[in-house]
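Residue numbers in the sequence shown follow UniProt numbering, run continuously in steps of one, and reach 399 at the last position.
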Amino acid sequence: MESITQVTNTPENHSTTPVRNANIDAIRGLAVLGILFMNIYYFGNAVSGYASHEISPFHDTLVELFSNFFLEGRFISLFAMLFGVGLAVQFNRYSKQNIDAYKQIKSRLKWLLVFGAVHGIVIWSGDVLFAYGLSGFLALCYLKLDNDKLIKKSLLFIAISVFTFTLFSIFSPEERFIRGSELFEEEYLIWFSTYSEQLLMQLFVFITLLFFIPLTLMWFSTGLMLLGVALYRKGIFQQGFSKRHLIWFALASIFFSTLDSLLSFSENPILHTLSGVIVLLSAIPMALIYMHLLIKICQNRSTVLAPLQKVGRLAFSLYILQSICGVLLFRHFEPTLVNTLDRPDYMLIAIGYSILQLILATIYFNYFNQGPLEKLWRGLAKAKPNAAQENDQLLNQRR
Numbered sequence: 001m002e003s004i005t006q007v008t009n010t011p012e013n014h015s016t017t018p019v020r021n022a023n024i025d026a027i028r029g030l031a032v033l034g035i036l037f038m039n040i041y042y043f044g045n046a047v048s049g050y051a052s053h054e055i056s057p058f059h060d061t062l063v064e065l066f067s068n069f070f071l072e073g074r075f076i077s078l079f080a081m082l083f084g085v086g087l088a089v090q091f092n093r094y095s096k097q098n099i100d101a102y103k104q105i106k107s108r109l110k111w112l113l114v115f116g117a118v119h120g121i122v123i124w125s126g127d128v129l130f131a132y133g134l135s136g137f138l139a140l141c142y143l144k145l146d147n148d149k150l151i152k153k154s155l156l157f158i159a160i161s162v163f164t165f166t167l168f169s170i171f172s173p174e175e176r177f178i179r180g181s182e183l184f185e186e187e188y189l190i191w192f193s194t195y196s197e198q199l200l201m202q203l204f205v206f207i208t209l210l211f212f213i214p215l216t217l218m219w220f221s222t223g224l225m226l227l228g229v230a231l232y233r234k235g236i237f238q239q240g241f242s243k244r245h246l247i248w249f250a251l252a253s254i255f256f257s258t259l260d261s262l263l264s265f266s267e268n269p270i271l272h273t274l275s276g277v278i279v280l281l282s283a284i285p286m287a288l289i290y291m292h293l294l295i296k297i298c299q300n301r302s303t304v305l306a307p308l309q310k311v312g313r314l315a316f317s318l319y320i321l322q323s324i325c326g327v328l329l330f331r332h333f334e335p336t337l338v339n340t341l342d343r344p345d346y347m348l349i350a351i352g353y354s355i356l357q358l359i360l361a362t363i364y365f366n367y368f369n370q371g372p373l374e375k376l377w378r379g380l381a382k383a384k385p386n387a388a389q390e391n392d393q394l395l396n397q398r399r
């Protein structure tokens, strides 16, 4: 999750000294809090997620509509774009220090794959870290492109993912997941059994994703990463978007969110499954609007939205902690909640836990300067310089 990088520089800054970008920290903080509002449905059943009623209550419909327009896919898109920013920042910094940037970043990505595999198999199979690691390797191949070519590559990769997701939706539509149905009971026995059986299921899901990710999610994530790089180089993370761009983003978001909602409430399995494809398109413009709003509010000031910025600096650790707490709550402490909670109840839990994360991050940084997993990742991924680089560093020190 390169969006968790510890340093961010402005494109104009030629110093090798790391400088935090308060705007990016705040955006990352919103992303890590927002992603919980979608993941929370899957901490119990990691594959099918929320079990709908046979006849959906009005409050469930309202929350689902709200999610379609403002939540679903928005924050994972922000994460992917910020991941791309992290790649660009680190590539620039290592290059200025005469360090092999590719070697250093590849080391970080390899360890991210390890973290993702452990998270996906041992804790929760809804992991995105492994997919980001794979996508990061692909994005790394295009960091030297100019902005126009980056955007073209970004659009191409997003189009590839939309195409492949569409094929899967048409030829393998999902069955509606209804509370109390035979499918619900079968999956309940798997996900709420002993940990050893859950572990086997999570291993099976992970192996399945090894085939699925390179065909679908990898291209979407890489496209967003390259878009993030282009936006960063254009200075968007300093100044935001123009009014004209925002109007287009709003119109695109409304159009695709409306289409997503119409398809998601369809009784036709193929149309219902295709709503998941439309989410990919509706998420990006709304994510860009959220990005702009935080940039304008924060204006790169460390004192504005400070708790949110601290969450952003602790994003990796908090993301994993969300999984641990969510799985413990829904599978081990109160497994019957999946039979009783409706969508508004899940939202209330997510709001409460988000407030807790804001408090936790604020307290944590009164005593520490870096998150525990952030520190571990950085230490593990720190590649040793080769002999030529060591000689250059010695010469620089003597000067």
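A virtual CB, placed ideally from N, CA and C, is assigned to each residue, including glycine. Bear in mind the structure is a predicted one, so any value in this text is a computation, not a measurement.
Practice task
Please report the residue range of the alpha helix (DSSP H) in which E186 lies.
Solution key: Per DSSP, the continuous alpha helix (DSSP H) segment holding E186 begins and ends at 182-191.
Exercise for the section: Have a look at the DSSP bridge pairing and note the partners of S52. Expected result: DSSP output for S52 lists I178 as bridge partner(s).
Problem - Y290 in three-state terms, based on DSSP - result: helix
Practice task
Below 8 Å CB to CB, which residues in the same chain sit around R331 once its five sequence neighbours on both sides are set aside?
Solution key: So the qualifying residues of the chain are F43, G44, W191, F192, Q198.
Practice task
Would you mind listing the alpha helix (DSSP H) stretches within the region 215-250 that are 4+ residues and don't spill past its ends, in chain order?
Solution key: 217-233, 236-239
Exercise for the section: Provide the residue span of the alpha helix (DSSP H) that contains D345, from first to last. Expected result: Run containing D345: 343-364, per the alpha helix (DSSP H) assignment.
Exercise for the section: With a threshold of 16 other CB atoms inside 10 Å of the CB of Q397, please say whether the residue is buried or exposed. Expected result: Reliability of the predicted coordinates at Q397 is poor, the pLDDT of 46 falling under 50, and the value obtained from them is presented with this limitation in mind. Flag for Q397 reads exposed.
Problem - For T362 and K144, the rounded distance between their alpha carbons - result: 37 Å
Handout entry: Proximity winner among Y188, C298, Y364, relative to V338 (alpha-carbon distances)
Key = Y188
Problem - Among I121, P307, G235, the one whose alpha carbon lies nearest that of N366 - result: P307
Practice task
Please look up how many angstroms separate the CB atoms of L150 and T222, rounded, as I've assumed it's under 8 Å.
Solution key: Between T222 and L150 the Cβ distance is about 11 Å, and since that is not below 8 Å, they are no contact.
Problem - Which of helix, strand or coil DSSP assigns to K103 - result: helix
Exercise for the section: Inspect the beta-carbon positions of F220 and S125 and report whether they are closer than 8 Å. Expected result: Contact: no.
Problem - At least three beta-carbon pairs within less than 8 Å, the region 200-219 to the region 229-249 - result: no
Practice task
Can you tell me which of the three DSSP states D60 falls into?
Solution key: Helix, per DSSP.
Practice task
Report the three-state DSSP secondary structure of D146 (helix, strand or coil).
Solution key: D146 sits in coil when the DSSP states are folded into three classes, being neither helix nor strand.
Practice task
Take the Cβ of H59 as the centre, count every other Cβ of all protein chains shown within 10 Å, and call the residue buried at 16 or more, exposed below.
Solution key: So H59 ends up on the exposed side.
Problem - Cβ-based neighbour list, I295, same chain, cut-off 6 Å, excluding 5 preceding and 5 following - result: N23, G240
Practice task
Please report how far the alpha carbon of M345 lies from the alpha carbon of S67, in whole angstroms.
Solution key: A small fix is needed here, since residue 345 is Asp in this sequence, not Met. About 14 Å.
Practice task
Return helix, strand or coil for T17, following the three-state DSSP convention.
Solution key: Low per-residue confidence applies at T17: pLDDT is 47, beneath 50, and the placement is therefore not dependable enough to give any value.
Problem - Inter-residue Cα distance where the pair is V311 and L36 - result: Looking at the two C-alpha atoms, the distance is approximately 13 Å.
Handout entry: Straight-line Cα distance separating Y50 from V122
Key = 22 Å
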